[in-house]
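Keeping their order, the protein sequence lines are chains L and X. First residue of the first sequence: 107, per our numbering; consecutive thereafter. First residue of the second sequence: 34, per our numbering; consecutive thereafter. Beta carbons: idealized from backbone N, C-alpha and C, even for Gly.
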Amino acid sequence: MHSQCMLYANAFFNDLDCYENNKGMYKGGGFILSKGQEQWSSRWGFIAASIGMAIGTGNIWRFPRVAAANGGGPFIIAWTIALFTWGIPLLMAEMVIGKKTGYGAIAGFRDFLGKKFTWMGTWIVGVCLLIMFYYSVVMGWCMKYFTLALTGAFTPNSTTEMTTVIWNTFTTTPSETILFHFISMSVATIIIYKGVSGGIEKASKIMIPLLFVLLIGAFLRAVTLPGALQGLQYLFNPDISMLSNPKIWLEAFTQCAWSTGAGWGFIITYAVYTHEKEDIPCNCAIMGFGNNVGALLAGVTVMSAIFALSPSADFAGEVLSAGNSGLTFIYLAQLFTTMPFGQVVAAIFFLAMTIAALSSLLPMIEVGVRAFMDAGFNRAKATLIVTGGGFLLGIPSAYSLNILDNQDWVWGVALLVSGLFVAIAMINYGPEKIRTEVINAPWSDLKVPKWWTYSMYMIPVIFVILTGWWMWQASTWSPDTWLDPKEVFGVGTILVQFAMLLTFAIATNKIFAKKSHNRNAGDMEGAIE
Amino acid sequence: MSGQSIAMMALVIGFYLSGFVYLINLAFNKKEA
Numbered sequence: 107m108h109s110q111c112m113l114y115a116n117a118f119f120n121d122l123d124c125y126e127n128n129k130g131m132y133k134g135g136g137f138i139l140s141k142g143q144e145q146w147s148s149r150w151g152f153i154a155a156s157i158g159m160a161i162g163t164g165n166i167w168r169f170p171r172v173a174a175a176n177g178g179g180p181f182i183i184a185w186t187i188a189l190f191t192w193g194i195p196l197l198m199a200e201m202v203i204g205k206k207t208g209y210g211a212i213a214g215f216r217d218f219l220g221k222k223f224t225w226m227g228t229w230i231v232g233v234c235l236l237i238m239f240y241y242s243v244v245m246g247w248c249m250k251y252f253t254l255a256l257t258g259a260f261t262p263n264s265t266t267e268m269t270t271v272i273w274n275t276f277t278t279t280p281s282e283t284i285l286f287h288f289i290s291m292s293v294a295t296i297i298i299y300k301g302v303s304g305g306i307e308k309a310s311k312i313m314i315p316l317l318f319v320l321l322i323g324a325f326l327r328a329v330t331l332p333g334a335l336q337g338l339q340y341l342f343n344p345d346i347s348m349l350s351n352p353k354i355w356l357e358a359f360t361q362c363a364w365s366t367g368a369g370w371g372f373i374i375t376y377a378v379y380t381h382e383k384e385d386i387p388c389n390c391a392i393m394g395f396g397n398n399v400g401a402l403l404a405g406v407t408v409m410s411a412i413f414a415l416s417p418s419a420d421f422a423g424e425v426l427s428a429g430n431s432g433l434t435f436i437y438l439a440q441l442f443t444t445m446p447f448g449q450v451v452a453a454i455f456f457l458a459m460t461i462a463a464l465s466s467l468l469p470m471i472e473v474g475v476r477a478f479m480d481a482g483f484n485r486a487k488a489t490l491i492v493t494g495g496g497f498l499l500g501i502p503s504a505y506s507l508n509i510l511d512n513q514d515w516v517w518g519v520a521l522l523v524s525g526l527f528v529a530i531a532m533i534n535y536g537p538e539k540i541r542t543e544v545i546n547a548p549w550s551d552l553k554v555p556k557w558w559t560y561s562m563y564m565i566p567v568i569f570v571i572l573t574g575w576w577m578w579q580a581s582t583w584s585p586d587t588w589l590d591p592k593e594v595f596g597v598g599t600i601l602v603q604f605a606m607l608l609t610f611a612i613a614t615n616k617i618f619a620k621k622s623h624n625r626n627a628g629d630m631e632g633a634i635e
Numbered sequence: 034m035s036g037q038s039i040a041m042m043a044l045v046i047g048f049y050l051s052g053f054v055y056l057i058n059l060a061f062n063k064k065e066a
């Protein structure tokens, strides 16, 4: 394992002479910009890409289900508090690292926290890429279902048995799942290859308004269905006494952590391409609010549709307990067939899912591409390495649902660790100093009060509680096998895979740090050398 | 749908939509970074 890690790392830094030549820079107010470095052409472009990053399939297929299962209204209150104590503060922290260092997550952590802690950046990039491998497969599912809706594969008044057959046939035909995984990765490759302003920004400026138009269209259709109010009653259940249930808080914080994109390394990467005087607090608040508005739109749509179209309340309950993919690809696909113009609504819905998935897949790839570019690779090479590798390493998840579920489980929890690392970087540097000097810069549209500083100190506490709870839950799901590494949703599989990534990150720490031009250490008073 | 649920829905959607619109307005009508 160790020698393999070293070989990989050596290959990674093979072209470092090129790195030294390419990385010109200037310093101003702690901000560094590489010579000839790509940039967002406008603030709207950066915000559109960032909202796209945040709004993914989780907003559409996870939020409605989890909100409904956890009391509706009380969950939404806890989820809102989580946005202000975990989501937005961490997005701001990530933007600070990206802007302050001018590097992606690996070199950014090295420069911000110190050479000894480069491994934390490697962990963040590693987790993001490991999620990217299977997320492309998920986007392929959405794309496949969009084509099924367009071609009239869902016959009117289908039963769940019929849609189950369609789902099972598709997911057990590897040639199809791999083909759609390939198409997803190819679309993303073309966009990433075209660069930040010519690719990601241009695509986001089209995708994000279109996504909101599609979501609003589906929202209007769903809420006007007879019986839709029952779903809204469920989603906005006002029983706030349920806030005394800790499970609601844990689920709300988890949803926020997984959905806003905080801790993924996305905003560290996207911030590298921002202008020197780009605002931090207002932009990050827009990302957080945009994410939650998208989730609420999807929540109202999905809940209205489920309750209006289900033959009984029991059936609606069955739909909500079907899990993410079951709810979307079996039950919703079936329910759409029972309404007028159901094919059109299904096509709109699965197109929205595809766009949401693509807009989140792009930053996942860009996190990896930025890491390679920081090491001296040009964009074309970096893109081909990351997406080519992503396609190959995503094949197991395309082949087996169990592997995909396992990867989703393991690296979903790992995101909480990534968020912790970002908070540690802030605590080491001095959160109050960052707040007053970097976040509340003279050109900032919003001034952030001290809650941001307190949030940074609270995040490690929240991390311990959330991680402990998820581990405990996993041990109760399978009490006899929870430590077995082969158990899909066990603790053992988390421990083994975390250990493997951590070993890689620590083994490569010196190599990833030592040959790189440590150009920013002098600026970083808090950096540990 | 109960009155309390309607109030909760109005509060939640009103908070998020007005917040989102306010922030967008702040970002684009004040200055271009």
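L/I161 is positioned such that its CB atom lies no closer than 8 Å to that of L/S410. Using a Cβ-Cβ cut-off of 8 Å, X/G52 counts as an interface residue toward chain L, since at least one Cβ of chain L sits closer than that to its own.
A straight line joining the alpha-carbon of L/D514 with that of L/T609 spans about 20 Å.
Below the 8 Å Cβ cutoff, chain X contributes M34, S38 and M42 as neighbours of L/L338, in chain order. Sorting L/V406, L/V594 and L/E543 by C-alpha distance to the C-alpha of L/N512 places L/V594 at the top.
Shortest Cα-Cα distance from L/Y376 to any of L/F288, L/M470, L/P537 and L/M313 involves L/M470. When Cβ pairs closer than 8 Å are counted between the two stretches, the segment 164-179 of chain L is seen to touch the segment 358-367 of chain L, the count reaching three or more.
Note that the segment 385-393 of chain L touches the segment 195-210 of chain L; at least 3 beta-carbon pairs, one per stretch, sit closer than 8 Å. For the 8 Å CB-CB criterion, L/D480 and L/I272 do not form a contact. The alpha-carbon of L/K539 is positioned some 51 Å away from that of L/A439. Annotated as proximal: L/G178 and L/N343, with beta-carbon spacing under 8 Å. Shown here, L/A419 sits in a helix according to DSSP, grouped into three states. By alpha-carbon distance to L/T283, the top candidate from L/I306, L/L433 and L/L507 is L/L507. With contacts defined by Cβ atoms closer than 8 Å, L/K308 and L/F286 do not form a contacting pair.
Taken atom to atom, the span from the alpha-carbon of L/E384 to that of L/V399 is near 23 Å. Taking a beta-carbon distance threshold of 8 Å, L/A173 does not count as an interface residue toward chain X. Residues of the segment 551-564 of chain L with a C-beta atom less than 8 Å from some C-beta of chain X are D551 and L552, listed in chain order.
Chain X has no Cβ within less than 8 Å of the Cβ of L/R327. CA-CA distance, L/L349 to L/G423, rounds to 22 Å. Separation of L/E472 and L/F372 (C-alpha to C-alpha, rounded to the nearest whole angstrom) is 8 Å.
Judged by DSSP secondary structure, L/D217 falls within the alpha helix (DSSP H) whose first and last residues are A211 to L219.
Considering only beta carbons, the part of the segment 342-365 of chain L lying closer than 8 Å to chain X consists of F342, N343 and P344, in chain order. Around the beta-carbon of L/P585, fewer than 16 other beta-carbon atoms lie within 10 Å, marking it exposed. Per DSSP, L/L197 is one residue of the alpha helix (DSSP H) stretching across I194 to T207. Taking CB atoms only, L/L335 has a neighbour in chain X less than 8 Å away.
Taking a beta-carbon distance threshold of 8 Å, L/N389 counts as an interface residue toward chain X. With respect to the C-alpha of L/I153, the residue from L/T295, L/S303 and L/P502 having the closest C-alpha is L/S303. Close CB contacts of X/G52 within its chain, under the 8 Å cut and outside five residues either way in sequence, are absent. The beta carbons of L/F413 and L/Y340 sit closer together than 8 Å. Chain-order list of chain X residues neighbouring L/V399: Y49, L50 and F53, by C-beta distance under 7 Å. Counting only the Cα atoms, L/F442 lies some 8 Å from L/L415.
Taking a C-beta cut-off of 8 Å against chain X, none of the residues of the segment 584-603 of chain L qualify. Of the residues assessed, L/K205 falls on the buried side of the cut-off, its CB having 16 or more other CB atoms within 10 angstroms. When DSSP states are grouped into helix, strand and coil, L/K311 belongs to the helix group. For L/N615, the uninterrupted alpha helix (DSSP H) segment begins and ends at N615 to K620.
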